[in-house]
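Encoded as structure tokens, the structure appears first; notes follow it.
2 protein chains.
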Amino acid sequence: MKTDIFRNPNAVRLIELLREQGAVNRSAVSKALKISDATVTRLTNQMLDFGILQETRDSSRAGLKGFPSKLLSLPRDGLMSAGVFIEPDRVQVGIFDTEGLTLSEEQIPVDVRSFPEMVQKASESLRAQLKKIDVAPSELIGCGISYPGQHTGSAGKVQKTDQLAQWPSIDIERDLAPHFDMPIFHMNDGKVAALAELSYGACKGVQNFCYIWLSYGIGGAAVIDRNLYLGERSLVAEFGGIFPKSKSRPSGQDLLNTLKAEGLDFGKLEDIPDDVLQAEVTLKWVARAAEQIQWLCLVIARTMDPDAIVIGGSLSQVLIDQIYDHLIQCETLGEDYLSPKPTFIRAETDKKPHLGAASIPLYYLTKQTP
Amino acid sequence: MKTDIFRNPNAVRLIELLREQGAVNRSAVSKALKISDATVTRLTNQMLDFGILQETRDSSRAGLKGFPSKLLSLPRDGLMSAGVFIEPDRVQVGIFDTEGLTLSEEQIPVDVRSFPEMVQKASESLRAQLKKIDVAPSELIGCGISYPGQHTGSAGKVQKTDQLAQWPSIDIERDLAPHFDMPIFHMNDGKVAALAELSYGACKGVQNFCYIWLSYGIGGAAVIDRNLYLGERSLVAEFGGIFPKSKSRPSGQDLLNTLKAEGLDFGKLEDIPDDVLQAEVTLKWVARAAEQIQWLCLVIARTMDPDAIVIGGSLSQVLIDQIYDHLIQCETLGEDYLSPKPTFIRAETDKKPHLGAASIPLYYLTKQTP
DNA sequence: AGATTAATTTGCGCTGTGAAAATTAAAAAT
DNA sequence: ATTTTTAATTTTCACAGCGCAAATTAATCT
């Protein structure tokens, strides 16, 4: 199994290095990872054999003395994976390459909200997509599946809570694995956005960060030393609960409520038209939400002191951009916040939740100790 | 060097196991740590040679068939260490055994607030104490030193900030090591209380916890997967800043201010007499502070979801106990907090900050990768 | 052509590990 | 009293990963 190489922490570190820095030669690797040249040679030769590394001429060093160096880089097709992101109203399935670029994707509308049926459709779509792009299932490192639920309580949206009753006891070996011809991994829906950012997005080189995920609710994730920190009850970064439900909170549902009070009734966030997004009432809501999130960032900075706070979500990108702009422009996070503000990062991958799902396999293969 | 054994993670895990469970036999170790019998034999034999493990007869298995098992446990004198805790008004120096029990201790009042002089006095005291209990410096695994400062900013107390200007650039090899005949380690004052709790106190078996340290200010620490998490700017768990300075915050300084407004002027927290601690004004302050800390716990639970929240500090133990009682008795942490409350733990070692300092060596020897 | 240079590879010894066989000391069966 | 059974522990063997130091390689420089 080529993925066995991920048990070696240096292999994982090498992949992260190449993700961050692009192509480098062996000598640079040994310096960056602080391991000996000999180790780099042995490790890279194994990875070359497995096809998760490729060697190219280093033209930048042409004309110089000494043994000509060879550049190491990640082949596009070396670490392909599939992702299935299940939501109440639709299922998104995609196949992605080493760099997180989309090789193929499909959105499947859901009519019957039955878990077996949704999984069935997802696996059929995946099989068809693989055929279309002419890739064998065994060439992928695995398939990540994400679905709502697994929370202990308070899922923000009532819809989700309803679903919970039906999908509480999903067993990966019994309910998922038989449908797919590749290793299967799954994870709580709220955390995969952070994983995508970690592996493919704007957090490739960031050690510690908190993700604020703006959707119907306000969720998020915490990454510490490049590991997703889940906490005891998987309630980490469930920021919604900090804002009392009885008052207004900076969530998509709250925006819908605010618009409804003005006679603008939309069922889904994506149904809000552009003119409403630019209307006075929305701008006012954004201003208030941004203030609340600024305060949330102060709390996060004071409790977790991350290198960066990442802003993203399935809320309209325009609104998220506005909130992000507020955060990078405000002078200080709060009254007594004398230290430099943490770095704010605009999420890059939040429009592709199935990429998040597809990043689960690599995460488990590299971070888990099974 | 006997401390080299700590480079082996299984040795560290074994020590933690024995701290938690007391004496166990090799077979139980291999099951608990999920390593092979052979590995346990080799590892334990090395540790026995180094004197950081001892073997005793297992009387509990007497009368049963099979090879009689031998119990492994930590000898009292196997992991002795020294701690120096420097405060503006005094220096506390102590020597502690494997279990964190005090072998010797001394409190040195400070007249001249000069760092070299304080270190000088501390090292003299340590030398004298070692002589008194007839222990050679080389028998200790090291000496931990903790002093205020190293913060990037906002140190809560103005006094501290004044000190900062004098002690910003302490170099361990130049300013500390020459005074001691053993390995030296140092750490930010606010975090060592959590370390003491982790190694010797109430958090021996806890994977993730947040510590709320109530002193002149409100600080704390976060422990994730039994590692102290320091964050990018060492501002982790600097909870004080969450409460705007312009309003009242649940800190010792705020109590002093409150008492002063009532005509009760005390310069130090420890000067507050018992009758004042039981007076109406203090009870009222405690009630308000407990509410604020309950809210802080909600925020911590929502952002970090730790297994436990630890309450301790150098504030009067009576007051801390009252705040702790409030937390364990309140129904829920807040309006929307539907999940079970995190476990609250009353700190056990908060009256011995020099024990905290003494736990720095073991922490660095086991967790650091130098 | 030979010297120099710098990247990479090879040879060797070390540490830590698990699987499986061997050893050990006690109780139980004969 | 001897043999068998039992369960903890140790030993043997093979292997993976690492660093050090020496060797190799393919360029440029003299």
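Going line by line, the protein sequences match chains A and B.
By my numbering, the letter at position 348 of the first sequence is numbered 348, and the numbering carries on one by one without gaps.
By my numbering, the letter at position 341 of the second sequence is numbered 1341, and the numbering carries on one by one without gaps.
Just so it is clear, CB atoms sit at the ideal spot from N, CA and C, and this is done for glycine as well.
Sequence-distant residues of its chain with Cβ nearer than 7 angstroms to residue i (five each side left out)
| i | result |
| --- | --- |
| B/Ile1320 | Leu1214, Ile1311, Gly1312, Gly1313 |
| A/Ile172 | Ile184, His186 |
| B/Asp1225 | Gln1207, Asn1208 |
| B/Gln1150 | Note that B/Gln1150 scores a pLDDT of 48, beneath 50, so its modelled location is shaky and nothing firm can be said. |
| B/Arg1061 | Pro1068, Ser1069 |
| B/Cys1330 | Gln1294 |
Anticipated Cβ contact below 8 angstroms, residue i with residue j, distance rounded
| i | j | result |
| --- | --- | --- |
| A/Tyr200 | A/Ser359 | 6 angstroms |
| B/Gln1092 | B/Pro1353 | 6 angstroms |
| B/Gln1129 | B/Glu1106 | 6 angstroms |
| A/Lys367 | A/Asn227 | 6 angstroms |
| A/Leu327 | A/Ile293 | 7 angstroms |
| B/Glu1020 | B/Gly1205 | 5 angstroms |
| A/Leu259 | A/Val281 | 7 angstroms |
| A/Val299 | B/Val1299 | 6 angstroms |
| B/Pro1342 | B/Ala1301 | 5 angstroms |
Proximal residues to residue i (C-beta, below 6 angstroms), its chain only, five neighbours per side dropped
| i | result |
| --- | --- |
| A/Ser123 | His179, Phe180 |
| A/Val192 | Ser146, Gly356, Ala357 |
| A/Ser248 | Asp254 |
| B/Phe1085 | Gln1092, Ser1146, Pro1353, His1354, Ala1357 |
| B/Cys1297 | Ile1309, Leu1333 |
| B/Leu1126 | Ala1082, Val1093 |
| B/Gln1322 | Val1286 |
| B/Gly1220 | Tyr1211, Ile1212, Trp1213, Ala1237, Phe1239 |
| A/Cys143 | Ala82, Phe180, Met182, Ile184 |
| B/Cys1203 | Glu1197, Phe1209 |
| A/Ala177 | Ile184 |
Residues that DSSP places opposite residue i in a beta bridge
| i | result |
| --- | --- |
| A/Val81 | The question names Val, yet the displayed sequence has Ser at residue 81 of chain A. Partner(s): A/Phe96. |
| B/Ser1073 | B/Gln1054 |
| A/Met187 | A/Ser146 |
| A/Thr343 | A/Ala308 |
| B/Gln1107 | B/Gln1092 |
| B/Tyr1211 | B/Ala1221, B/Val1310 |
| B/Ile1086 | B/Val1091 |
| B/Val1024 | B/Leu1072 |
| A/Thr102 | A/Phe96 |
Same chain, Cβ closer than 8 angstroms to residue i, neighbours up to 5 away in sequence not counted
| i | result |
| --- | --- |
| B/Ala1165 | Note that B/Ala1165 scores a pLDDT of 49, beneath 50, so its modelled location is shaky and nothing firm can be said. |
| B/Ala1136 | Leu1130 |
| A/Ile15 | Ile52, Leu74, Leu79, Thr366 |
| A/Arg90 | Gln107, Ile108, Pro109, Val110 |
| A/Ser154 | In this prediction, A/Ser154 scores a pLDDT of 37, lower than 50, which makes its location untrustworthy; the coordinate-derived value is nonetheless stated afterwards. Excluding positions up to five away in sequence, the list reads Glu238, Gly240, Gly241. |
| A/Gln54 | Leu48, Leu72, Ser73, Leu74, Pro75, Gly78 |
| A/Lys70 | Asn25, Arg26, Glu55, Thr56, Arg57, Asp58 |
| A/Thr102 | Gly94, Ile95, Phe96, Lys352, Leu355 |
Span of the alpha helix (DSSP H) around residue i
| i | result |
| --- | --- |
| A/Tyr229 | From DSSP, A/Tyr229 is part of no alpha helix (DSSP H) but of the beta strand (DSSP E) over 227-229. |
| B/His1326 | 1317-1329 |
| B/Gly1252 | 1252-1261 |
| B/Gln1120 | 1115-1132 |
| A/Ala357 | 353-358 |
| A/Leu277 | 274-277 |
So if I threshold CB-CB distances at 8 angstroms, which residues from the segment 1302-1318 of chain B count as touching chain A? Answer in chain order: Arg1302, Thr1303, Met1304, Asp1305, Pro1306, Asp1307.
Quick one, which residues of the segment 1266-1294 of chain B are near chain A if we go by CB-CB under 7 angstroms, in chain order? For the segment 1266-1294 of chain B, the beta-carbon criterion of a distance under 7 angstroms to any beta-carbon of chain A is satisfied by none of its residues.
Name the residues in the segment 224-240 of chain A whose C-beta lies less than 9 angstroms from a C-beta of chain B; which are they? Answer in chain order: Ile224, Asp225, Asn227, Tyr229, Leu230, Gly231, Glu232, Arg233, Ser234, Leu235, Val236, Ala237, Glu238, Phe239, Gly240.
Using a Cβ-Cβ cut-off of less than 7 angstroms, list which residues of the segment 184-213 of chain A approach chain B; keep chain order. Residues of the segment 184-213 of chain A with a Cβ closer than 7 angstroms to any Cβ of chain B, in chain order: Asn208.
Any residues in the segment 1328-1351 of chain B with a beta carbon nearer than 8 angstroms to a beta carbon of chain A? Which ones, in chain order? Interface annotation for the segment 1328-1351 of chain B against chain A: Gly1334, Glu1335, Asp1336, Tyr1337, Leu1338, Ser1339, Pro1340, Pro1342, criterion Cβ-Cβ distance under 8 angstroms.
Residues, ordered as in the chain, of the segment 237-261 of chain A that lie near chain B by beta-carbon distance below 7 angstroms: Those residues of the segment 237-261 of chain A that come within reach of chain B (Cβ to Cβ, closer than 7 angstroms) are Ala237, Glu238, Phe239, Gly241, Ile242, Pro244, Lys245, Ser246.
Compile a chain-ordered list of the residues in the segment 64-93 of chain A whose CB is closer than 7 angstroms to at least one CB of chain B. Of all residues in the segment 64-93 of chain A, none has a C-beta nearer than 7 angstroms to a C-beta of chain B.
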